[in-house]
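Here the working numbering is used: the first residue of the sequence shown is 345, the next is one more, and so on.
Virtual Cβ for every residue (Gly too), placed ideally from N, Cα, C.
A short write-up of the structure that comes next.
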Amino acid sequence: MKMRVVFLYTLPLLLVAGIAYGSYSGGNPPDFVNEAVATVSNKMSYSFGASNCKVIKNENTQWDMACSSPLTSEPLIFTVQAAEKSPYDVSTSFYLTAKNTAAKKASDEGLMRYLMINKNSVI
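Structure follows, in structure tokens:
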């Protein structure tokens, strides 16, 4: 009887602990990365049609974002960082650096130019 009571109390506790651990260590992107995905997708759709952005986690908690649309020949790849790491003031919670030629070119087109994307330096 005692073993059954212990099991009934332990099972839900282990289940909650497993879910909490999975959520914490699952590699969920921070809020500034999620905002960057939504904002860049929105701005890209103005000039390039419907777009799809995916987040890529690199080592040392660095986040990259690859965005594609039917009107771009190759994906636009950006590094996403928190606004505090920006060398200049940005009006968003994130700071973007263009990593490939397509991203650098697109950074000056349409509404993308208002994101103040760094095109010159490498992080």
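Buried or exposed by the 16-neighbour rule on C-beta atoms within 10 Å, applied to residue i
| i | result |
| --- | --- |
| L420 | buried |
| T441 | buried |
| I400 | exposed |
Closest by C-alpha distance to residue i, when choosing among the options
| i | options | result |
| --- | --- | --- |
| K449 | F438, A380, S430 and N464 | N464 |
| S417 | L455, A426, A447 and S385 | A447 |
| N396 | T445, D452 and N378 | N378 |
| L455 | M388, L440, K398 and D433 | M388 |
| D375 | S437, Y458, S451 and A410 | S437 |
| N402 | F422, P414, C411 and V384 | F422 |
| M393 | N372, E453 and L459 | According to the sequence shown, residue 393 is Gly rather than Met. Ranking N372, E453 and L459 by Cα distance to G393 puts E453 first. |
| K398 | N462, P431, A426 and S413 | S413 |
Start-to-end residues for the beta strand (DSSP E) that takes in residue i
| i | result |
| --- | --- |
| A510 | Lying outside 345 to 467, the shown extent of the chain, residue 510 is not represented and no answer is given. |
| T383 | Taken as a continuous stretch (DSSP letters only), T383 belongs to no beta strand (DSSP E), being part of the alpha helix (DSSP H) at D375 to F392. |
For residue j and residue i, believed in contact at Cβ under 8 Å, the rounded distance
| i | j | result |
| --- | --- | --- |
| V424 | M460 | In fact, because the Cβ distance is near 13 Å, the residues do not count as touching under 8 Å. |
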